[in-house]
Amino acid sequence: MLRSVKSLLGRKNQAKSEAQDAVAEVADLPCPEQQTYVIGDIHGRADLLELMLELIDAHIGGTSATNPKLVFVGDYIDLGPDSAVVLQRMRELQETFPENVVCLMGNHERMLLDFLDDPATRGPRWMRAGAGETLRSFGVATADLEDSPEYDAFPAAAHSLRRRLPKGLREWIEALPLSYTSGNLWVVHAGADPGHAMEDQTPRVLLWGHPEFDSAPRGDGLWIAHGHTEMEAPLADDGRIATDTAAWKTGRLTACAIRTDGRHDFLQT
4 MLRSVKSLLG
14 RKNQAKSEAQ
24 DAVAEVADLP
34 CPEQQTYVIG
44 DIHGRADLLE
54 LMLELIDAHI
64 GGTSATNPKL
74 VFVGDYIDLG
84 PDSAVVLQRM
94 RELQETFPEN
104 VVCLMGNHER
114 MLLDFLDDPA
124 TRGPRWMRAG
134 AGETLRSFGV
144 ATADLEDSPE
154 YDAFPAAAHS
164 LRRRLPKGLR
174 EWIEALPLSY
184 TSGNLWVVHA
194 GADPGHAMED
204 QTPRVLLWGH
214 PEFDSAPRGD
224 GLWIAHGHTE
234 MEAPLADDGR
244 IATDTAAWKT
254 GRLTACAIRT
264 DGRHDFLQT
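Under the working numbering, the letters of the sequence shown match residues 4 to 272, in that order.
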């Protein structure tokens with residue numbers, strides 16, 4: 004099931020690469036400590052996820068990368084048809100390769116958790132964000148939620164979803180980190196406040212973004228890779244790397260392959 008990804012991710016660095024030695028010389032480029040693949044919002048497209056893993060597999064082999072890192076920016080669910088499958092695949096990858104695969108939390112995973120905690124209040128918002136596809140992927144009926152829902156419709160749906168979630172999946176989602184950092188690269192779901200250090204960012208900003216993220220420079224030499232904001236094409240410029248190309252409706256899932264010397268390639272399904 005994991006195919007050749009297993010053998011490639013299993014490689015470990017035996018020595019420090021020349022590219023890492025040159026990091027100080029390319030401080031204006033994103034320079035992670037190991038070759039890093041930042042994968043954009045999947046939104047229930049299990050088919051595209053498998054295609055992307057194959058593309059990453061080939062890129063790792065083609066660049067002879069050792070000990071690569073795969074960082075998924077979150078938003079595994081909603082809008083697309085296979086949210087349940089994608090969540091379980093993410094968990095499988097992360098638990099099988101804990102040193103090589105990082106799964107971040109996205110705002111859609113946060114909405115799912117909020118729904119389970121307070122379905123009557125949080126349910127309508129999540130439905131507007133594409134929750135129907137997620138609920139149906141877990142076998143939860145949604146007709147009562149979409150047409151003038153009764154007062155108890157969302158609590159009933161939350162109860163049904165709790166019973167259908169695989170054991171430990173909710174706890175796995177709750178434990179997802181909000182950021183990943185290596186070298187001068189940070190990966191988050193939505194963005195960051197350029198006026199504050201990355202260590203001081205709030206969960207809300209990391210999950211939902213900040214109004215000045217796209218316009219104000221950071222001034223600290225850091226690069227922020229993210230998803231969340233749908234783009235016609237991926238972008239790496241001015242300290243920001245955008246990877247969300249609306250895969251759920253375009254069929255284009257994007258990853259940015261960032262080498263330790265600052266070079267990068269965009270991979271797309």
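In this text, a Cβ means the ideal position worked out from N, Cα and C, and glycines have one as well. As the structure is a computational prediction, the values presented were derived from the model and not from experiment.
Query                                                                                                                        : Result
C-alpha distance - Ala258 paired with Asp78, whole-angstrom precision                                                        : 14 Å
The alpha helix (DSSP H) enclosing His229, as first and last residue numbers                                                 : Per DSSP, His229 belongs to no alpha helix (DSSP H); it is in the beta strand (DSSP E), Trp226 to His229.
Backbone secondary structure at Ser185 - three-state DSSP                                                                    : strand
Beta-carbon gap between Val89 and Val41 smaller than 8 Å                                                                     : no
Segments of 3+ residues assigned as beta strand (DSSP E) that fall wholly inside the region 23-70                            : 39-42
Which of helix, strand or coil DSSP assigns to Arg165                                                                        : helix
Close-in-space but distant-in-sequence residues of the same chain around Arg139 (CB under 7 Å, 5 per side omitted)           : Thr145
Residue burial classification, Ala250 (beta-carbon count within 10 angstroms, cutoff 16)                                     : buried
Beta-carbon spacing of Gly212, Gly198 below 8 Å                                                                              : no
As assigned by DSSP and simplified to three states, the class of Leu82                                                       : coil
Straight-line Cα distance separating Ile261 from Asn103                                                                      : 14 Å
Cβ-based neighbour list, Ser182, same chain, cut-off 8 Å, excluding 5 preceding and 5 following                              : Leu107, Trp189, Val190, Val191, Met201, Gln204 and Leu209
Residue environment, Ser2, which counts as buried when at least 16 other CB atoms sit within 10 Å                            : For the chain, the structure presents residues 4 to 272; residue 2 sits outside this window and is missing.
Rounded distance between the beta-carbons of Leu119 and Phe141, thought under 8 Å                                            : Not quite, the Cβ-Cβ distance comes to about 12 Å (not below 8 Å), so this is no contact.
Pair within 8 Å by beta-carbon distance, Glu112 and Ile80                                                                    : yes
Pairwise C-alpha distance: Phe100 and Thr246                                                                                 : 23 Å
Sequence-distant residues of the same chain with beta carbon closer than 8 Å to Ala161, five excluded per side               : Phe118, Leu119, Pro122 and Gly126
Where Lys72 falls, given that 16 or more other Cβ within 10 Å makes a residue buried                                         : buried
Phe118, enclosing alpha helix (DSSP H) - first and last residue                                                              : Asn110 to Asp120
Whole-angstrom distance between Ala156 and Glu149, CA atom to CA atom                                                        : 10 Å
Beta-carbon contacts of Pro169 that lie in its chain and below 7 Å, excluding the five residues immediately before and after : Gln91
Cβ-Cβ separation, Leu51 to Thr272 (assumed contact under 8 Å), whole Å                                                       : 5 Å
For Thr137, the first and last residue of its enclosing beta strand (DSSP E)                                                 : Taken as a continuous stretch (DSSP letters only), Thr137 belongs to no beta strand (DSSP E), being part of the alpha helix (DSSP H) at Ala134 to Ser140.
Continuous beta strand (DSSP E) assignments of at least 3 residues falling wholly in the region 207-246                      : 226-229, 238-240 and 243-245
Whole-angstrom distance between Leu116 and Arg173, CA atom to CA atom                                                        : 8 Å
Reduced DSSP category for Lys170 - H, G, I as helix; E, B as strand; rest coil                                               : coil
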